[in-house]
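This report refers to the structure that appears directly beneath it.
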Amino acid sequence: MDKESGSDCVQNRVILAIDGPCSDLYTLDIGCNHQRYYQVNLSRKKYDHLCLYTGNSHKADCWLAARIEEVITQPDLTIEQYLRVLIRNLLDAR
25 MDKESGSDCV
35 QNRVILAIDG
45 PCSDLYTLDI
55 GCNHQRYYQV
65 NLSRKKYDHL
75 CLYTGNSHKA
85 DCWLAARIEE
95 VITQPDLTIE
105 QYLRVLIRNL
115 LDAR
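This is the structure we're talking about:
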């Protein structure tokens, strides 16, 4: 990878903070399309519950990527809030 393409990746990275700062933060990088990369930050506890809900970590990662794809044309803050609501509702239902 040359310097230029690497810097494009960093410039096109969007950080989605599902949870505020915490000691057990889980970070997941999701490349939804060729122009944008998303870094999803959520607590390890929420990620573990998402893994239990979906079946395993691979399915949890795919679930997050699919939810982002659903609203990919929306502003980044809207995507972050959408994920927050979906995860909260999913965990409340358990």
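Sequential numbering of the sequence shown, starting at 25, is according to our numbering. Just so it is clear, CB atoms sit at the ideal spot from N, CA and C, and this is done for glycine as well. All of these numbers come straight from a predicted model, not from anything done at the bench.
For residue 53, the enclosing beta strand (DSSP E) covers residues 49-55. Residue 48 and residue 38 have their C-alpha atoms spaced approximately 21 Å apart. The three-state secondary structure of residue 117, taken from DSSP, is coil.
Spatial neighbours of residue 87 in its own chain (CB-CB distance under 6 Å, excluding positions within 5 residues in sequence) are listed in chain order as 78.
Restricting attention to 52, 72 and 82, the CA atom closest to the CA of residue 114 is found in 72.
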